[in-house]
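Data block below; observations after.
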Amino acid sequence: METTTTIRLVRNATLRINYAGHTILVDPLLAEKASLISALGVNVSPRVHLTMPINEIVEDVDCVLLTHNHPDHYDSSVKKHLPSDILFLTQPEDCKIIMNDGFTNVVPINDTFWLDGICITRIPGKHGRGMLGDMMGPVSGFVFSHEGLPTLYLMGDCCWDDAIYDAVKRYSPDYMVVNSGGAIIPVYSGYFGSIITNEDDMVEIVTKCTGVKKFIAVHMDAIDHCQTTRSILRNELEHQKVDMNRLIIPEDGESINL
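Residue numbering for the sequence shown follows the UniProt record's numbering, beginning at 1 and increasing consecutively.
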């Protein structure tokens, strides 16, 4: 079994994860620059090109994991680049949509799913607060664990709250991938705030989750409604004197060995 665990940021929240001998593609956003809609009506998404060819992104992928089906996490081009019978894991509410795109091996994760010794546990969350969170629909994070390997928590687009903090305490991840782009929905943002983690949330996450070795911040600089950039995130954590040795802010295409 391959014991090296790596995470490669493709773009936005799209990741290639090598874990326990499997290559897992998370939240595939493979569309060309400026080919999707604009969330703010300002800049068409995605705002940046992929830094690697599609064939390099999908090479040897044997499983897809989707946290939720919003277009900045799963776009219509994905079905052109992956085999229809690939194992496709997702939250139960999104199965029908994925199957309608022609994927035939779609498996819902209600609570846990076992993949050759990998335990994948779903952590439901809120994609925004109050009424806006309900309007945004269901969203999930996932914990990967395997005997002898680091435990990895993909927080997804879940807002930081007591339920997510309880999950961190329960599963004691060694590493957390946090979607840190501080996305907003303009009509509601003044009242409800960001719909994913922003720089202020990250200060609290890194400060409170003392058992986590490293945080990996993604979902920045690609979608126009994400207000927290890499530089804003870094600036705020440095200003608040957060231990920057515990934070990794990868560039698109960068690989991280855990």
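Beta carbons are placed, not taken as given, at the ideal position from N, Cα and C, and that holds for glycine.
Values in this document were obtained by computation on a predicted structure and should not be read as measured data.
How many angstroms separate the CA atom of residue i from the CA atom of residue j?
| i | j | result |
| --- | --- | --- |
| isoleucine 118 | serine 45 | 34 Å |
| serine 140 | lysine 241 | 30 Å |
| alanine 31 | methionine 136 | 22 Å |
| glycine 148 | valine 78 | 33 Å |
| valine 203 | leucine 258 | 22 Å |
| tyrosine 74 | leucine 25 | 11 Å |
| isoleucine 205 | histidine 146 | 24 Å |
| proline 124 | glycine 156 | 10 Å |
| leucine 233 | asparagine 18 | 26 Å |
| leucine 87 | glutamate 59 | 14 Å |
| valine 107 | arginine 47 | 31 Å |
| histidine 219 | leucine 66 | 14 Å |
| glycine 231 | glutamate 199 | Residue 231 is actually serine in this sequence, not glycine. Straight-line Cα distance between these residues: approximately 10 Å. |
| alanine 39 | aspartate 27 | 18 Å |
| cysteine 226 | glycine 41 | 13 Å |
| aspartate 252 | arginine 8 | 8 Å |
| glutamate 56 | cysteine 63 | 15 Å |
| valine 61 | valine 212 | 27 Å |
| arginine 16 | proline 138 | 23 Å |
| proline 150 | threonine 104 | 31 Å |
Would you call residue i buried or exposed, if buried means 16 or more other Cβ atoms sit within 10 Å of its Cβ?
| i | result |
| --- | --- |
| tryptophan 114 | exposed |
| serine 84 | exposed |
| alanine 183 | buried |
| histidine 68 | buried |
| asparagine 12 | buried |
| isoleucine 37 | exposed |
| asparagine 179 | buried |
| leucine 50 | buried |
| methionine 131 | exposed |
| threonine 14 | buried |
| glycine 181 | buried |
| alanine 167 | buried |
| glycine 133 | buried |
| proline 173 | buried |
| aspartate 111 | exposed |
| threonine 90 | buried |
| aspartate 162 | exposed |
| threonine 210 | exposed |
| lysine 126 | buried |
| alanine 217 | buried |
| threonine 4 | exposed |
Please list, in chain order, all residues of the same chain as residue i whose beta carbon is under 6 Å from its beta carbon, the five residues on each side excluded.
| i | result |
| --- | --- |
| valine 143 | Thr121, Tyr153, Tyr171 |
| proline 71 | Leu36 |
| glycine 102 | Lys79, Ser84 |
| alanine 222 | Arg11, Asn12, Pro46, Arg47, Val48 |
When you compare the CB of residue i with every CB in chain B, is at least one pair closer than 8 Å?
| i | result |
| --- | --- |
| cysteine 63 | The displayed structure is made up of one protein chain only, and chain B is not part of it. |
With which residues is residue i paired in a DSSP beta bridge?
| i | result |
| --- | --- |
| tyrosine 19 | His22 |
| isoleucine 57 | Paired residues: none, contrary to the question. |
| serine 255 | Arg8 |
| alanine 217 | Val178 |
| isoleucine 248 | Ile216 |
| isoleucine 14 | At residue 14 the sequence reads threonine, which differs from the isoleucine that was named. Looking at the DSSP assignment, threonine 14 forms a beta bridge with Arg11. |
| phenylalanine 88 | Val64, Val106 |
| cysteine 226 | Ala183 |
Indicate, with yes or no, if the ligand MN has a heavy atom lying under 7 Å from the CB of residue i.
| i | result |
| --- | --- |
| aspartate 200 | As far as ligands go, the structure on display features none, and thus does not contain the ligand MN. |
Using C-beta distances below 7 Å, list every residue in its chain close to residue i, excluding the 5 sequence neighbours before and after it, in chain order.
| i | result |
| --- | --- |
| residue 269 | This structure leaves residue 269 out entirely; the chain is present only between 1 and 258. |
| asparagine 43 | Asp224 |
| valine 165 | The question names valine, yet the displayed sequence has tyrosine at residue 165. Taken in chain order, the residues that qualify are Lys208. |
| histidine 81 | Leu30, Ile54, Val58 |
| glutamate 238 | Met244 |
| methionine 1 | Below a pLDDT of 50, predicted positions are generally treated as unreliable, and methionine 1, at 49, falls in that range; no measurement from the model is reported. |
| threonine 228 | Ser180, Gly181, Gly182, Asn198, Glu199, Met220 |
| proline 92 | Pro108, Asn110 |
| asparagine 235 | none |
Who are the Cβ neighbours of residue i in its own chain at under 8 Å, not counting the five residues just before and after it?
| i | result |
| --- | --- |
| aspartate 116 | Ala20, Gly21, His22 |
- Query: What are the complete alpha helix (DSSP H) segments, minimum 4 residues, inside the region 157-202?
  - Reply: List check, alpha helix (DSSP H) in window: 162-171, 186-192.
- For the region 108-157, which segments carrying the alpha helix (DSSP H) assignment without a break, of at least 4 residues, lie completely within its bounds, in sequence order? With a minimum length of 4 residues, the continuous alpha helix (DSSP H) runs that stay inside the region 108-157 are 130-136.
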